[in-house]
Amino acid sequence: MQGLLEGDQHWYGILNEAIQARAPFQLRFLFATICGFGEVNDIPDLWFRYKDALSEDFVRKYYENSGPQYALAEIEEFLKYYNLNLKKLKLPTNHLPDALSNLIN
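Residue numbering for the sequence shown follows full-length UniProt numbering, starting at 1 and increasing by one per position.
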C-alpha cells in the first residue's frame, strides 16, 4: 500500500511544480499526458485536487461552474491521442453542449 501512495505523491509533486511556472493550457496537456503514460492509482482524485488550476483560465473567461467543464472538454481532446476518454478514466463527463465544446477544439 505504501508504494501505491508514494506513486500518486509523485504525480502531485509534478503538478505542484508545474503550477508554479505553467499556464492552465499547459497543465491540462500535462494532466492528459500523466493519464496517458503515467501509472496513476486515482485519476479522479488527481482531477479534484487540481481542477482549480487546470480550469483557471476558463473560469475567468466563462463562469466558475462551467470553467471546469471547458477544461474537461479540452482534456478529453488530448486524451484521444492515448485512446482514452473521460469515462474510461472515471473522470466527470463533460456537460457542455456540443456547440460550446467545439469552441475549444
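C-beta: ideal position from N, C-alpha, C; glycine also.
| Check | Outcome |
| --- | --- |
| Local Cβ density within 10 Å of E64, reported as buried at 16 or more and exposed below that | exposed |
| For G38, the first and last residue of its enclosing alpha helix (DSSP H) | Note, G38: premise wrong, no alpha helix (DSSP H); not H, not E. |
| Neighbourhood of V59 by C-beta distance below 7 Å, restricted to the same chain and skipping five residues each side | G67 |
| Candidates I43, P24 and L30, of which the one nearest L91 by Cα | I43 |
| Contact under 8 Å by Cβ, I75 with R28 | yes |
| From Q26, A32 and V40, residue whose alpha carbon lies closest to that of Q9 | V40 |
| Span of the alpha helix (DSSP H), counted from its first residue to its last, around P68 | G67 to L79 |
| Distance, L15 Cα to K88 Cα | 21 Å |
| Pairwise C-alpha distance: I19 and E56 | 11 Å |
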